[in-house]
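Undergrad: I have a structure I would like to understand better, so I am pasting it below and will then ask my questions one at a time.
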Amino acid sequence: MKEAQMTIPHLFRCPISLDLFSDPVTLSTGQTYDRSSIEKWFAFGNLTCPVTMQKLHDPSLVPNHNLRHLIEQWRQMGHHFHPEYSTTIDPLLHLKRNIESPHSTLQDKLQTLEKIPVLMDETPSKTPFLLQIGFLSLFSQLLFGKLDPEFDGKYADFEEKLLSCILKLVPFGEFQCLNMLKEESKLESFLVLFENGSGMMKQSLCRLVGAISSSPETRELCAMMGRNHRFLQGIDHLIQQNFETSEAGIEAISALCCLESNRENLVREGLINGLITYILNTETKERSSAGTAMATLEQIVGSERSGKEALIKDPRGVKAVVKMVFRVSDHGGSESALNSLIMVCYESLEAREKAIDAGVLTQLLLLLQSQCSCRIKSKARTLLKLLRSKWDEEQ
């Protein structure tokens, strides 16, 4: 038995029991334990991570499926790995130690972080090992775990590279790892980075929100983001700031709209104004996320009465939607614009008058003469009939 234990790879042993993992689970600190061992640790009243001794604000246990799968492979191979296993895993463990070690210089850590994306691109087969070793949890903990509320720009490069690695790993990993942001202190770190970070940092955090919104495992976190006043105001500011960063802001709003509960908050925080501003500012841009902005506006208008009212009340609202009915460069957003106008014009005389004043009839005729799809042309005819019938009723 003792000899058998000696053949167990170090990575497969629980740090508490030193036995082979049977049900590996990972804490928010990135450390993995056997479920029964860590639950006993908690049962004794301990609220810390046994390895790092960090206080746990979030004691949730995330199943480490990657490690479990690797252990199963090891068992099936008769407790032996291919000789290349050590040559693969040992260098990765060395990289992790470099990043974790308090003795590593900031420059050493930066160089190590730069190797991770290159490694994933050149050798995709190593990505599961990076996840299994706990790189995603480690990076998330380093980025959001201990940020000074005063924000020291000295570590900006390090933080940007951490976030870049997180975005690279998230699609392959456990989305539950991101639920650490439900902790007040970690969400505060996220907000500090978003408010004070560079344009690149802001855009990357918006992409992270997109990742959060894409998984049912982080649905609750997505809802939290969608009702956070500081974050929503930060996105609005991002959209108004400049065209490059505004695209990331539009993508973040679109991601948050995946939850109906978030849409009312977006209206309340004035994000419809941001969407309208973005659409109107894309007139001279060849490439933009105007189609995404219009589709998001349609979602809000379609599910919230307050969304319809906000669109009509904004002096530029109906005009922005009419502009999207027909664009010479492409028809991206046309269908969403038509759907939105049908919804608001059906109920509101003011909306119909604003649409006609904004030139919707010309836009519809141009669209009907274009090479757009039959479905879009059908909706254009529906809107024309609606405007005509409502006009007849009012005479």
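Those letters in the sequence shown? Residues 61 to 455, by my numbering. For every residue, glycine included, the Cβ atom is placed at its ideal position computed from N, Cα and C.
(1) Got a sec? Which residues, its chain only, sit under 7 Å from lysine 100 by beta carbon, not counting five neighbours each side?
(2) Does DSSP classify proline 69 as helix, strand or coil?
(3) Less than 6 Å between C-beta atoms, sequence neighbours within five positions excluded: which residues of the same chain meet that for glutamine 91?
(4) Leucine 447 by DSSP, collapsed to three states: which one?
(5) How many angstroms separate the CA atom of asparagine 288 from the CA atom of asparagine 341?
(6) Tell me the rounded alpha-carbon separation between isoleucine 98 and phenylalanine 104.
(7) Using C-beta distances below 6 Å, list every residue in its chain close to arginine 513, excluding the 5 sequence neighbours before and after it, in chain order.
(8) Name the DSSP bridge partner or partners of threonine 108?
(9) Which partner residues of leucine 417 appear in the DSSP bridge assignment?
(10) Excluding the five sequence neighbours on either side, which residues of its own chain have a C-beta within less than 6 Å of the C-beta of leucine 198, listed in chain order?
(11) Could you tell me which residues DSSP pairs with valine 85 in its beta bridges?
(12) Shortest alpha-carbon distance to glutamine 133 belongs to which of Pro69, Ser120, Gly257?
(13) Going along the chain, which residues of its own chain have a beta-carbon closer than 6 Å to the beta-carbon of serine 164, five neighbours each way excluded?
(14) Rounded C-beta distance between glycine 393 and alanine 355? I'm assuming under 8 Å.
(15) Report yes if the CB atom of alanine 308 is closer than 8 Å to the CB atom of glutamine 263, and no otherwise.
(16) Along the alpha helix (DSSP H) that carries cysteine 225, what are the first and last residues, could you check?
(17) Among all the DSSP beta bridges, which residues are the ones paired with leucine 80?
(18) Check each candidate in Arg128, His117, Ser321, Leu241 and name the one with the smallest Cα separation from serine 82.
(19) Considering only the beta carbon of each residue, do glycine 194 and threonine 337 sit closer than 8 Å?
(20) What is the rounded straight-line gap between the Cα of lysine 242 and the Cα of glutamate 220?
(21) Where do the ends of the alpha helix (DSSP H) carrying lysine 242 lie?
(22) What residue does the alpha helix (DSSP H) around lysine 383 start on, and which one ends it?
(23) Kindly give me the distance between the Cβ atoms of leucine 130 and glutamine 192, rounded to whole angstroms, as I take these residues to be in contact under 8 Å.
(24) With 16 as the cutoff for other CB atoms within 10 Å, does aspartate 94 come out buried or exposed?
(25) Looking at valine 404: is its Cβ nearer than 8 Å to the Cβ of alanine 411?
(26) Could you tell me if arginine 365 is buried or exposed, where buried requires 16 or more neighbouring beta carbons within 10 angstroms of its beta carbon?
(27) Measure the alpha-carbon distance for methionine 384 versus serine 273 and round it to whole angstroms.
(28) Let me know the secondary structure DSSP gives phenylalanine 254 once reduced to three states.
(29) Taking Cβ to Cβ, would you say isoleucine 313 is nearer than 8 Å to glycine 367?
(30) Where does threonine 337 fall in DSSP's three states?
(31) From lysine 445 to lysine 437, what does the alpha carbon distance come to, in whole angstroms?
TA: Taking the coordinates as given:
(1) Numbered from 1 along the sequence shown, position 40 holds the residue referred to as residue 100. Closer than 7 Å at the Cβ level, and outside the excluded window around lysine 100, lies no residue.
(2) The residue labelled residue 69 in the question sits at position 9 within the sequence shown. Here proline 69 sits in coil by DSSP.
(3) As a working mapping, residue 91 is identified with position 31 in the sequence shown. Answer for glutamine 91: Cys109, Val111, listed in chain order.
(4) Translated into positions along the sequence shown, residue 447 becomes position 387. It is helical.
(5) Mapped onto the sequence shown, residue 288 falls at position 228. Mapped onto the sequence shown, residue 341 falls at position 281. Looking at the two C-alpha atoms, the distance is approximately 26 Å.
(6) Locating residue 98 in the sequence shown gives position 38, counting from the first residue. Locating residue 104 in the sequence shown gives position 44, counting from the first residue. So the alpha carbons of these two residues sit roughly 10 Å apart.
(7) Missing from the structure shown is residue 513; the chain here goes from 61 to 455 and no further.
(8) Against the sequence shown, residue 108 aligns to sequence position 48. Per DSSP, Lys115.
(9) Within the sequence shown, residue 417 is the residue found at index 357, counting from 1. Before going further, note that residue 417 is aspartate rather than leucine in the sequence given. Answer is none; aspartate 417 lacks a bridge partner.
(10) Within the sequence shown, the letter at position 138 stands for residue 198. Same-chain partners within the cutoff: Gly90.
(11) Locating residue 85 in the sequence shown gives position 25, counting from the first residue. Tyr93, Pro123.
(12) Position 73 of the sequence shown, counted from the start, is the residue given in the question as residue 133. Checking every option, the nearest Cα to that of glutamine 133 belongs to Pro69.
(13) The count along the sequence shown starts at 1 and reaches residue 164 at position 104. So the qualifying residues of the chain are Asn158.
(14) Looking up residue 393 in the sequence shown gives position 333. Looking up residue 355 in the sequence shown gives position 295. About 7 Å separates the two Cβ atoms, so the contact holds.
(15) Taking the sequence shown and counting its residues from 1, one reaches residue 308 at position 248. Taking the sequence shown and counting its residues from 1, one reaches residue 263 at position 203. Taking 8 Å as the Cβ cut-off, alanine 308 and glutamine 263 qualify as a contacting pair.
(16) Here residue 225 is taken as the residue at index 165 of the sequence shown, counted from 1. Per DSSP, cysteine 225 belongs to the alpha helix (DSSP H) from 216–229.
(17) Indexing the sequence shown from 1 puts residue 80 at position 20. Partner(s): Arg73.
(18) Within the sequence shown, residue 82 is the residue found at index 22, counting from 1. For serine 82, the nearest C-alpha among the options comes from Arg128.
(19) Counting from one through the sequence shown, the residue named residue 194 turns up at place 134. Counting from one through the sequence shown, the residue named residue 337 turns up at place 277. Contact: no.
(20) The sequence position of residue 242 within the sequence shown is 182, counting from 1. The sequence position of residue 220 within the sequence shown is 160, counting from 1. If I take the Cα positions, the gap works out to 21 Å.
(21) Working through the sequence shown from its first residue, we reach residue 242 at position 182. Taken as a continuous stretch (DSSP letters only), lysine 242 belongs to no alpha helix (DSSP H), as it is neither H nor E.
(22) Sequence index remark: in the sequence shown, residue 383 carries index 323 (1-based). Start and end: 377–383.
(23) For the purposes of this step, residue 130 is identified with residue 70 of the sequence shown, where counting begins at 1. For the purposes of this step, residue 192 is identified with residue 132 of the sequence shown, where counting begins at 1. Yes, they are in contact, since the Cβ atoms of leucine 130 and glutamine 192 sit about 6 Å apart, within 8 Å.
(24) Stepping through the sequence shown from its first residue, residue 94 is reached at position 34. Buried, because 16 or more other Cβ atoms sit within 10 Å of the Cβ of aspartate 94.
(25) The residue you call residue 404 lines up with position 344 of the sequence shown. The residue you call residue 411 lines up with position 351 of the sequence shown. Against a cut-off of 8 Å, the Cβ pair of alanine 411 and valine 404 comes out as a contact.
(26) Counted from its first residue, the sequence shown places residue 365 at position 305. It is exposed - the Cβ of arginine 365 has fewer than 16 other Cβ atoms within 10 Å.
(27) Residue 384 sits at position 324 when you count from the first residue of the sequence shown. Residue 273 sits at position 213 when you count from the first residue of the sequence shown. Rounded to whole angstroms, methionine 384 to serine 273 spans 26 Å at the Cα level.
(28) The residue given as residue 254 occupies position 194 in the sequence shown. Helix.
(29) Reading the sequence shown from its first residue, position 253 is the one you call residue 313. Reading the sequence shown from its first residue, position 307 is the one you call residue 367. No; because the gap between Cβ atoms is not below 8 Å, this pair is not in contact.
(30) Reading the sequence shown from its first residue, position 277 is the one you call residue 337. Reduced to three states, the DSSP call for threonine 337 is helix.
(31) Taking the sequence shown and counting its residues from 1, one reaches residue 445 at position 385. Taking the sequence shown and counting its residues from 1, one reaches residue 437 at position 377. Spanning the two alpha carbons is a distance of roughly 12 Å.
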